[in-house]
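S.K.: Residue numbers (the numbering used here): 69 to 373. What follows is a structure written as structure tokens; I'll ask about it next.
Written as structure tokens, this is what we have:
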């Protein structure tokens, strides 16, 4: 998101957790340490910056972890969002806000999900995102224009390896560098997910914020699902070493829906967005990211005395 906005010429103020490192650096982005759970800090940061627009990407994003970290998932996704919206209202700013919601707000179904389908989240994460949406709808009806984007799976360079595709790619890169045994640990390979490139996803965020209707959710998806096992096969086919696969039961999620696919018609027809990056390119870039990252982190050794 930061890369996209900076490339478009915007001056970007980006928040990160206190004590952390900026995930990206660019000349047009300045980073501030702001804890979204600290209401006062959020209010002061909003008043200091007085943003023209807000992309509220801060949040707990892992579905599987939400079962063990339910309290923190709700705190970050719900209270953190409340603090941001409340700060904008108190500052009297009419700044539009993009809330990245999730396909996990829907009741699982074996057909493409549409924005008007039943909202029955199957996980604590999904429930927290639905609560986040409701906060946004309340704000949109009164003081802050809020745009809601329901993103389906997205992958790409820099993704945390706790997510399936990035985890596979990192393990493969580690095997190629001799950093682990030639075995990739996997979870449920049968799950089928509507998956696009993260760069297409953030492009959709921008389109929705700039031209979408407040309080009117938009699915960000391709309309097609790919099996996790197929993603693994495509990545291992790109590997520079022989690899075996071992299923790890500890990597399975509770209540994992067999298929999640969305209908992108509203976003395509109203705002003209469609995914542009081929999935093969996404996987190439993801694997190359981990190869480059691990090479740069690997200690330099020498045979010299």
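For every residue, glycine included, the Cβ atom is placed at its ideal position computed from N, Cα and C. Everything numeric in this text was worked out from a predicted model, so none of it was measured.
Between which two residues does the beta strand (DSSP E) carrying residue 263 extend?
M.R.: That run of the beta strand (DSSP E) goes 263–265.
S.K.: Taking the CB atoms as reference points, tell me whether residue 148 and residue 126 lie closer together than 8 Å.
M.R.: Yes.
S.K.: Would you say residue 94 and residue 122 are within 8 Å of each other, going by their C-beta atoms?
M.R.: Taking 8 Å as the Cβ cut-off, residue 94 and residue 122 do not qualify as a contacting pair.
S.K.: Is the separation between the beta-carbon of residue 226 and that of residue 327 shorter than 8 Å?
M.R.: No, the pair does not count as a contact, with Cβ atoms beyond the cut-off.
S.K.: From this set, 73, 110, 115, which residue's C-alpha is nearest residue 97's C-alpha?
M.R.: For the residues 73, 110, 115, the minimum Cα distance to residue 97 belongs to 73.
S.K.: Going by alpha carbons, who is nearest to residue 162 out of 76, 201, 215?
M.R.: Among 76, 201, 215, the Cα nearest to that of residue 162 is on 215.
S.K.: Rounded to the nearest angstrom, what separates residue 336 and residue 359 at their Cα positions?
M.R.: Rounded to whole angstroms, residue 336 to residue 359 spans 35 Å at the Cα level.
S.K.: Provide the residue span of the beta strand (DSSP E) that contains residue 319, from first to last.
M.R.: Segment: none, residue 319 is in no beta strand (DSSP E) and carries neither H nor E.
S.K.: How far does the alpha helix (DSSP H) with residue 100 in it extend, from its first residue to its last?
M.R.: Taken as a continuous stretch (DSSP letters only), residue 100 belongs to no alpha helix (DSSP H), being part of the beta strand (DSSP E) at 97–101.
S.K.: How long is the line joining the alpha carbons of residue 373 and residue 224, rounded to whole angstroms?
M.R.: A caution first: residue 373 carries a pLDDT of 35, below 50, which makes its placement in the model unreliable, though a value can still be read off. Spanning the two alpha carbons is a distance of roughly 42 Å.
S.K.: Can we say the region 193–213 touches the region 132–149, given the rule of at least three CB pairs closer than 8 Å?
M.R.: Touching, yes, given that three or more Cβ pairs across the two stretches are closer than 8 Å.
S.K.: Return the residue from the list 92, 120, 119, 124 that minimises the CA-CA distance to residue 103.
M.R.: Considering only alpha carbons, the answer is 124.
S.K.: Residue 276: beta carbon under 7 Å from a heavy atom of the ligand NAP?
M.R.: No copy of the ligand NAP occurs in the structure displayed, which carries no ligand at all.
S.K.: Under three-state DSSP, which class holds residue 383?
M.R.: In this structure the chain extends from 69 to 373, so residue 383 is not present and cannot be described.
S.K.: Alpha helix (DSSP H) containing residue 333: first to last residue?
M.R.: Looking at the DSSP string, the run of the alpha helix (DSSP H) that includes residue 333 is 333–339.
S.K.: If you check the beta carbons only, do residue 379 and residue 262 fall under 8 Å apart?
M.R.: Residue coverage of the chain in this structure runs from 69 to 373, which leaves residue 379 outside it and unanswerable.
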